[in-house]
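**Student:** For the sequence shown, the positions run 13 to 711 when this note's numbering is used. Questions regarding the structure given below will be posed in turn.
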Amino acid sequence: MNEHYIAGPTAGRNRGEWLAAAREYRRQIRENGSVQAQTQPAAAHRLDLRLYDRADLLWMARNFACHFTFMYDRSFYDPESGRYTIDEFLDDGVREFGGYDSIVLWQGYPRLGVDDRNQFDMYRDMPGGLKGLREVVRRCHERGVRVFIDYNPWDTGTRREDKPDEQALGDLVAAIEADGIFLDTMTAGSVELRRRIDQARSGVAFVPEGHPVIEQLSICSGSWAQWLVDPYPPGMLHLKWIEPRHMQFQIRRWNTDHAAEIETAFFNGSGMMIWENVFGTYNPWSLKDRSDWRRASAILRRFTSDFTSDRWEPFYPTLVDGLCAHRWPGDGHSLFTLLNHGRPLDNTALLEISSGKNLEFFNLWNGESLQVNLSGTSARIIGSVDRLGCILAIEHAKVTPELEKLLSQGRVESEPRLSTDRRNVARSVVEAEPVKPTPLVPRHSPPKGMVLVPGAKLRMRIEHMRRECGCYPDPGMPKEKWSDFLRGHPHDQSLIHDSAAELKSFFIDEAEVSNADFARFLEATRYQPKHPENFLKHWPGGQMPDGLAEHPVVYVDLDDARAYAKWAGKRLPTEPEWQLAAQGTDGRPWPSGNGFDASRCNCDGKGTIPVRSLPDGRSPYGCYHMLGNVWEWTESARDDGHTRFVMIRGGSWFDAKGSVWYIRSATERCDSHVKFIRMWPGLDRCATIGFRCVMDVAE
């Protein structure tokens, strides 16, 4: 036994004795608490499981399929139409996974840290604000789907709320009518959090990411079973044995084969976290995994009362070595989940059970009626099992149309599958979207405020932390190697790009576009973005403060920057152009030289400064602030059909401290970049991102 699993009876041990001991262990834990709890006052020993009797939280015991919803995914929000596509999203869940019982609305990471907005701001700045999210939640409720929000306890280096996090969470839950809180990176919820949330809204479940200690069963009605290694022979989930109504979600986010998770979840009558967009990397479930989970979840939902009952009889004896079974007694029936670790079984004696009169026998997994050899009061069940199976022994009178439908689904899912999966398609992100050149400018006639960068062959060596969002593969990389870059695991590993680029000469703005520059653009064009949310947020009432005239313009998204560039007859720089302008041809790590000098950049966390300040920090070609002040948009947009992103360069004045999960913002080397995942303009406009432009040169 360990904190995750309780081992089944070993070879030669009397199973009846083992089961009696397991039940006694559960009774002792419930009566006296765990060893850790027994160090507390005697009154605190008893494990408080009243949470599972609360009518407002009964839904969690039926919450078998939870979807981790990365809100930036095109399947959830359509940037072209500017609307949440919640019905289409849930329809896909029904079609491909048998439906979701709940979803986690994930809003912040890995974007947190690019500016000072906190995790709660990230919800507020989603399309439609909190009202828009409430409409999404209500639509989910209409379709029988519960909704979790995310809580990041490590988010202490951004703007702080004027209230404790517990109260901020309560306010958010109440505002959008959420049903649960996912406790990111946590193994426990607090009594105070439970109290605050119960005051704000009833029926809100807590689900920590880490494996909680037994005492947390009194606070958290679910938990992740993340990367838990099921022993061999398989064990039973420890927390579920203590309280069968505690929902655990199997999850191994980076796996491409989820068979092991499905097997453990189904065998133990527990749940699954379905996660395909891992913080901007598309990692879809296979056709087989989706099919297997559809039938598993259908059985789990149909027999929920059995799978959440203390009557569970683990490791029921089987007639085949390597075949494991759990018995789940019900009203007028017995259910057996089967997990076969041996060779596939065909028309084999599997189990022997006591047989009453008028019983029928089915394998729900493949929808078959089963042959039974009767001998007195015993029935030997004959059937076929590859990896998973589910035997139902049921009174004839209880065979309902609903059960017939379940059997039909098992037969359908057992049919041969298509060789091609037309759903799991992602476009290449090796190359950025094409860039339209500007009108050519004579080499010896530099436009005002621009400097010439002569054409050169550039070694594009870029090194950065992988982070869980991954990055794009290098040009020319074989497709089978793309995942080395796309995947975000391990997150703290350095990722190194190394490719060659041959650049033509170009002019680049010596300084970032200022507020005064942008004001002239607005006056000339009367530009109004389709989505005005947070546009020039630092201009009160839409009027530029005089004191910010020569500071870089911020609170503009990629399309706002492109609109300005087009008006000016310019465009945004590509990544190679930006890097050459910042680094020159000598490979220096910092624009002003080989050593970092804090006096030559604006990275002090106090805000922007004028765009032509700190001349000693200029790049080899005379560009100001290619380190610090504000991040800069580049013409590097990519879209794999699920996630849109662009690379930002240069770092900014702001640096969120206190957690490895933040974007590293302040001191960003010339040979580094950050993957900025795009959502919609209201969220993508930041206090820390501006831009400069380039023009193409007539050679």
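Even glycine gets a Cβ: it sits at the ideal position worked out from N, Cα and C. Remember, it's a predicted structure, so these values are computed and weren't measured experimentally.
From N370, V442 and C615, pick the residue whose C-alpha is nearest to that of V411; which is it?
**Tutor:** Per the Cα distances, N370.
**Student:** Specify, as a first and last residue, the run of the beta strand (DSSP E) that P341 falls within.
**Tutor:** P341 -> beta strand (DSSP E) spans L335 to G342.
**Student:** Do A405 and S346 count as a contact pair if the criterion is CB distance below 9 Å?
**Tutor:** Yes, they are a contact pair.
**Student:** Provide the residue(s) that pair with V397 in DSSP beta bridges, ordered along the chain.
**Tutor:** BP columns for V397 point to L357.
**Student:** Can you name the residues that DSSP bridges to M259?
**Tutor:** Bridge partners of M259: G234.
**Student:** Hey, how far is the Cα of D708 from the Cα of S517?
**Tutor:** In a straight line, the C-alpha of D708 is about 7 Å away from that of S517.
**Student:** What do you get for P502, buried or exposed, if any count of 16 or more other CB atoms within 10 angstroms of its CB means buried?
**Tutor:** Looking at its Cβ environment, which holds fewer than 16 other Cβ atoms inside 10 Å, P502 is exposed.
**Student:** Starting from I188, trace the alpha helix (DSSP H) both ways and give me its first and last residue.
**Tutor:** Where I188 is concerned, the enclosing alpha helix (DSSP H) stretches over D177 to I188.
**Student:** Here's the rule: buried if 16 or more other CB atoms are within 10 angstroms of the residue's CB, otherwise exposed. What is A32?
**Tutor:** Exposed is the call here.
**Student:** Could you check what DSSP says for L515 in three-state terms: helix, strand or coil?
**Tutor:** Looking at L515 - three-state DSSP - the assignment turns out to be strand.
**Student:** Mind listing, in chain order, the continuous alpha helix (DSSP H) runs of no fewer than 4 residues lying wholly within the region 458-500?
**Tutor:** Segments of the alpha helix (DSSP H) lying fully in the region 458-500: 495-498.
**Student:** Report the option in N436, T197 and R314 whose CA atom is closest to the CA atom of E416.
**Tutor:** Of the candidates N436, T197 and R314, the one whose C-alpha sits nearest the C-alpha of E416 is R314.
**Student:** Which whole-angstrom value is the C-beta distance of P176 and M198, which I expect to be below 8 Å?
**Tutor:** No, P176 and M198 are not in contact; Cβ-Cβ is about 16 Å, not under 8 Å.
**Student:** Per DSSP, D521 forms a beta bridge with which residues?
**Tutor:** Bridge partners of D521: M462.
**Student:** My guess is that H250 and H16 are in contact by the Cβ rule of under 8 Å, so how many angstroms apart are they, rounded?
**Tutor:** Confirmed, about 6 Å.
**Student:** Going by the beta-carbon positions, is the gap between V623 and E562 smaller than 9 Å?
**Tutor:** Yes, the Cβ-Cβ distance between V623 and E562 is below 9 Å.
**Student:** Give the secondary structure of S611 by DSSP, where H, G and I count as helix, E and B as strand, and everything else as coil.
**Tutor:** Helix, per DSSP.
**Student:** Does the structure place the region 554-574 close enough to the region 426-444 that three or more beta carbon pairs sit under 8 Å?
**Tutor:** No, the region 426-444 is not in contact with the region 554-574.
**Student:** Between which two residues does the alpha helix (DSSP H) carrying E36 extend?
**Tutor:** Its alpha helix (DSSP H) spans residues R27 to N44.
**Student:** Helix, strand or coil for V424, going by three-state DSSP, please let me know.
**Tutor:** DSSP places V424 in helix when its eight states are reduced to three.
**Student:** Is the region 524-531 touching the region 592-601 in the sense that three or more CB pairs, one from each, lie closer than 8 Å?
**Tutor:** They do not touch, by the three-pair rule.
**Student:** When you compare the CB positions of V126 and W643, do they come within less than 9 Å of one another, or not?
**Tutor:** Against a cut-off of 9 Å, the Cβ pair of W643 and V126 comes out as a contact.
**Student:** Taking the DSSP output, what are the residues bridged to Q383?
**Tutor:** Answer by DSSP bridge pairing, in chain order: I394.
**Student:** Here's the rule: buried if 16 or more other CB atoms are within 10 angstroms of the residue's CB, otherwise exposed. What is S317?
**Tutor:** Classification for S317: exposed.
**Student:** Among residues of its own chain, excluding the 5 on either side of E514, which ones have a beta-carbon nearer than 7 Å to its beta-carbon?
**Tutor:** Result list for E514: K469, in chain order.
**Student:** How many angstroms separate the CA atom of L695 from the CA atom of D174?
**Tutor:** Cα to Cα, the separation comes out at about 21 Å.
**Student:** Identify the continuous beta strand (DSSP E) that holds R158 and give its terminal residues.
**Tutor:** It spans R158 to Y163 - the beta strand (DSSP E) in which R158 sits, taken as one unbroken run.
**Student:** Do F278 and P246 have their beta-carbon atoms positioned less than 9 Å apart in this structure?
**Tutor:** No, these two residues do not count as a Cβ contact at 9 Å.
**Student:** Under three-state DSSP, which class holds D696?
**Tutor:** Looking at D696 - three-state DSSP - the assignment turns out to be helix.
**Student:** Please report the residue range of the beta strand (DSSP E) in which V283 lies.
**Tutor:** Before going further, note that residue 283 is Gly rather than Val in the sequence given. It spans G283 to I286 - the beta strand (DSSP E) in which G283 sits, taken as one unbroken run.
**Student:** Anyone know if the C-beta pair for H543 and S87 falls short of 9 Å?
**Tutor:** No, these two residues do not count as a Cβ contact at 9 Å.
**Student:** Give me, in chain order, the residues of the same chain whose beta-carbon lies closer than 6 Å to that of A699; leave out the 5 immediate sequence neighbours on both sides.
**Tutor:** Same-chain partners within the cutoff: D127 and V566.
**Student:** By the three-class DSSP mapping on this structure, what secondary structure does M707 have?
**Tutor:** Reduced to three states, the DSSP call for M707 is strand.
**Student:** Between the region 137-147 and the region 86-100, do three or more beta carbon pairs fall short of 8 Å?
**Tutor:** Segments in contact, yes.
**Student:** Do we get a CB-CB distance below 9 Å when we pair R423 with the residues of chain B?
**Tutor:** Considering every chain present, this structure includes no chain B. It has just one protein chain.
**Student:** Could you spell out where the alpha helix (DSSP H) holding Y576 opens and where it closes?
**Tutor:** Taken as a continuous stretch (DSSP letters only), the alpha helix (DSSP H) holding Y576 covers L570 to W579.
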